[in-house]
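The structure under discussion appears below in the form of structure tokens.
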Amino acid sequence: MSTSTGTTTPAQQPILLLTRHRQLAPAAAIRTLNQVGATDILDRFYNLGGNFIDTDRGQPEKWLGDWMTARKIHDEIVLSCSYGNAWRPHGNSKLQSNFGGNNAKSMKVALKASLTNLQTTYVDIFYVAWWNHTTSIPELMHGLNDLVAAGKVLYLGIVDTPAWIVAKANEYARQKGLRQFAVYGGLSTCESRGIECDIVPMCADEGMAICALPRSTYFVPTEKQRTMPAHQHGSDLEVALKKVGKPKVASNAAQVDVAYVRAKAPYVFVVITLTTVADVESMLAALDVVLSEQDIQVIESSYKFAFG
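Counting from 1, one number per residue, gives the positions in the sequence shown under the working numbering.
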């Protein structure tokens, strides 16, 4: 018998905020909307340590595929795409019925198109974009599991779907030995807190991460939209966000909102739409904002919210 001793060197602290990676839950992800400046945005995001990119279907996927291929970094990037929406309504095909919906045919042709555009053989996260109540859970979960078994998809996600359907689908998958949903995507801001009622508890119970989709107007070219999102609850919430953000470093109301969303559950990552390189810097500042329990109380007490 022999024994050995050794020392463990503590991991170094990440130099950049976007290099704080963890399994299935990067600090923030980006979504690019147009080709003008897309390469510069992606380069800046990547150079800052960002690795998770969510893309819209079609042309944006082609831009992203060209960018990754030119730099030979496919395996460094965490890619997510989705299916379910009508993604080819104005294409050359006369019949459009197979290019939308949750069914297995739509699933197959959508992923095939995305993989071609992205110039890759697999994606990290494949989302069901929304639940249309027409495809059975067995068809959905077996179809998705086939993609995982084929090595074309690593993890499954679902967006804007009632909690009971997600829980039912995951339970079916467990009973049948199929891959379960690992990520839930849905709108989450300090003014749109609906997912806190049932989605957040469901994700905690299912062990799912949350992909928070804030307002896309957080990071757009106008200064007014950069600093203050439009709130349905009026000036009280705006005042609360300014009050919380004032002592923070390089923060505005939108950045405080992102920090609020990230504080609501252990495994939350935020997808933010970027249109300029400056938006990357603004997003980075948002990741540096940490809210205390008192800050969260100030925000949540600014208006009445019914949990149902």
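Even for Gly, the Cβ is constructed at its ideal location relative to N, Cα and C.
Can the beta-carbon of residue 186 be found closer than 8 Å to that of residue 160? yes
Ignoring anything shorter than 3 residues, give me the beta strand (DSSP E) runs that lie fully in the segment 126-185, in order along the chain. 153-159
So the candidates are 94, 245, 88; which of them puts its Cα closest to the Cα of residue 290? 245
Please confirm whether residue 157 and residue 125 have their CB atoms less than 8 Å apart. yes
Keeping to the same chain, check which residues put their C-beta closer than 7 Å to that of residue 199; ignore five residues upstream and five downstream. 163, 184, 186
Restricting to runs no shorter than 4 residues, where is the alpha helix (DSSP H) found entirely within the segment 243-298? 253-262, 277-287
Sort out for me which residues DSSP pairs residue 192 with in a bridge. None, per the DSSP bridge assignment.
Classify residue 134 as buried or exposed, calling it buried when 16 or more other Cβ atoms lie within 10 Å of its own Cβ. exposed
Below 8 Å, how does it come out for the segment 166-176 and the segment 252-269: are there three or more Cβ pairs, yes or no? no
What did DSSP end up calling residue 81 once you bin it into helix, strand or coil? strand
Give me the DSSP bridge partner(s) of residue 236. The partner list for residue 236 (beta bridge, DSSP) is empty, contrary to what the question assumes.
Take every Cβ of the segment 100-116, pair it with every Cβ of the segment 41-54, and state whether three or more of those distances are shorter than 8 Å. no
Go ahead and label residue 205 buried or exposed: buried means 16 or more other beta carbons lie within 10 angstroms of its beta carbon, across all protein chains shown. exposed
My output table needs one value for residue 211: the three-state DSSP class, helix, strand or coil. strand
When DSSP builds the beta bridges, which residues end up paired with residue 123? 153
So, using beta-carbon positions, are residue 136 and residue 237 closer together than 8 Å? no
So for residue 66, helix, strand or coil by DSSP? helix
Residue 212 vs residue 128 beta-carbon contact at 8 Å: no
For residue 53, three-class secondary structure by DSSP: strand
Which same chain residues, not among the five before or five after residue 78, have their C-beta less than 6 Å away from its C-beta? 51, 52, 124
Are the CB atoms of residue 96 and residue 110 nearer to each other than 8 Å? no
Whether residue 65 touches residue 118 by CB criterion (8 Å): yes
Where do the ends of the alpha helix (DSSP H) carrying residue 45 lie? 38-47
Quick one: grab the DSSP three-state call for residue 97. coil
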